[in-house]
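In the numbering used here, the protein residues as written are 5 to 316.
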């Protein structure tokens, strides 16, 4: 379970080096986690081999967030506290966690025909406070799930993963064994770092603004010292050539769209704007319809969890 998440949020400015270069005025969040309770958040690694992993990854991430949201309470006075509207405070900085601590199934579905999830439940007893806590939990849970899985990121051979893990716990696998980058155990993966750029933009703009998100991603990727994949490097190159939103995003169908789901859904769950805002955020980074439609579908599932506490 998560321990001390509330007390661990600090509003003191900090300068981060390493992968981010010289970035200032950031908030450092440290979350201690009992890894034995987090096994579910790592199981998505087995689905990474084919592009069809997108939907599987989305559902598993939502289930992980659902589990974590039941156990996370934001600190009083923090930007994510129940007393404040979502993302109303200063931008959160890149979280650092301690060690304890694509193809779409419905290929014909367009971004304008998202998965329909009924937003009613006979067991709905959620209060406004419950929903506010789950909004915060969706964001915190997504960062924890990302950090927990980073140690085995981009290892596509599930047999190899089984041999590597053995009797160990797969979450926060140490030393991290990703073949494409070497980060310290407990750090965010490149996807988690990307989510942080998005979160800062949503905080600063007080909502989703496509051009602002694209600029936040561009500036973040330009200063980033870690691993960037093709979708992110192509975005940077396009903007360097002078293009502007929404014409810069590469025609790419990797999992970046799912990175946008937790933050955008936490902000817009229960509103008629959710699908449009998810699409707006995804198109800041990718223009492929599959990236948009999978993100919208995942957002509708997570919305149901936020509003009603489960997928049932």
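Even glycine gets a Cβ: it sits at the ideal position worked out from N, Cα and C.
Exercise. Just confirm the distance between the C-beta atoms of residue 298 and residue 262, as a whole number of angstroms; I'd bet it's less than 8 Å.
Key: Counting from 1 along the chain shown, the entry for residue 298 is found at position 294. Counting from 1 along the chain shown, the entry for residue 262 is found at position 258. A Cβ-Cβ distance of about 7 Å is found for the pair residue 298 and residue 262, placing them in contact under the 8 Å criterion.
Quiz item: Does DSSP put residue 248 in a helix, in a strand, or in coil?
Solution: As a working mapping, residue 248 is identified with position 244 in the chain shown. Three-state DSSP puts residue 248 in coil, outside helix and strand.
Practice problem: Have a look at 271, 276 and 288 and flag the residue whose alpha-carbon is nearest the alpha-carbon of residue 222. | Solution: The count along the chain shown starts at 1 and reaches residue 222 at position 218. The residue with the shortest Cα to Cα distance from residue 222 is 288.
Practice problem: Let me know the secondary structure DSSP gives residue 160 once reduced to three states. | Solution: One-based indexing of the chain shown puts residue 160 at position 156. Note: residue 160 maps to coil in three-state DSSP.
Exercise. Counting only the same chain and skipping the five closest in sequence on each side, list residues whose C-beta sits under 6 Å from that of residue 249.
Key: Mapped onto the chain shown, residue 249 falls at position 245. Sequence-distant Cβ neighbours of residue 249 in its own chain, meaning closer than 6 Å and more than five residues away, are 214, 215 and 218.
Quiz item: From residue 200 to residue 166, what distance separates their C-alpha atoms?
Solution: Here the question's residue 200 lines up with position 196 in the chain shown. Here the question's residue 166 lines up with position 162 in the chain shown. Linking residue 200 to residue 166 through their CA atoms gives a straight-line distance of about 30 Å.
Quiz prompt | Outcome for residue 281 when other beta-carbon atoms lying within 10 angstroms are tallied against a minimum of 16 | solution = One-based indexing of the chain shown puts residue 281 at position 277. Looking at its Cβ environment, which holds 16 or more other Cβ atoms inside 10 Å, residue 281 is buried.
Practice problem: Work out the CA separation of residue 157 and residue 143 for me, nearest whole Å. | Solution: Taking the chain shown and counting its residues from 1, the one referred to as residue 143 is at position 139. Taking the chain shown and counting its residues from 1, the one referred to as residue 157 is at position 153. Approximately 20 Å, taken between the alpha carbons.
Quiz item: Roughly how many angstroms separate the alpha carbons of residue 291 and residue 244, rounded to a whole number?
Solution: Counted from its first residue, the chain shown places residue 291 at position 287. Counted from its first residue, the chain shown places residue 244 at position 240. Distance between the alpha carbons of residue 291 and residue 244 is about 18 Å.
Practice problem: Could you give the DSSP three-state label for residue 311: helix, strand or coil? | Solution: Numbered from 1 along the chain shown, position 307 holds the residue referred to as residue 311. When DSSP states are grouped into helix, strand and coil, residue 311 belongs to the helix group.
Quiz item: Which one of 175, 242, 147 and 133 has the shortest CA to CA distance from residue 321?
Solution: The structure shown does not extend to residue 321, since the chain is modelled only from 5 through 316, so no value can be given for it.
Quiz prompt | CB contact flag (residue 295, residue 260, <8 Å) | solution = Residue mapping note: residue 295 aligns to position 291 of the chain shown, counting from 1. Residue mapping note: residue 260 aligns to position 256 of the chain shown, counting from 1. Contact flag set, yes.
Practice problem: Tell me, please, whether the stretch 264-284 touches the stretch 229-236 by the rule of three or more beta-carbon pairs shorter than 8 Å. | Solution: Note that the stretch 264-284 does not touch the stretch 229-236; fewer than 3 beta-carbon pairs, one per stretch, sit closer than 8 Å.
Self-check item: N- and C-terminal bounds of the alpha helix (DSSP H) containing residue 225
Solution: By one-based count along the chain shown, residue 225 stands at place 221. Residue 225: member of the alpha helix (DSSP H) spanning 214-227, first to last residue.
Quiz item: Does DSSP put residue 271 in a helix, in a strand, or in coil?
Solution: Counting from 1 along the chain shown, the entry for residue 271 is found at position 267. For residue 271, the secondary structure class from DSSP, reduced to helix, strand or coil, is helix.
Quiz item: Alpha carbon to alpha carbon, what distance is there between residue 159 and residue 310?
Solution: Taking the chain shown and counting its residues from 1, the one referred to as residue 310 is at position 306. Taking the chain shown and counting its residues from 1, the one referred to as residue 159 is at position 155. In this structure, the CA atom of residue 310 is about 31 Å from the CA atom of residue 159.
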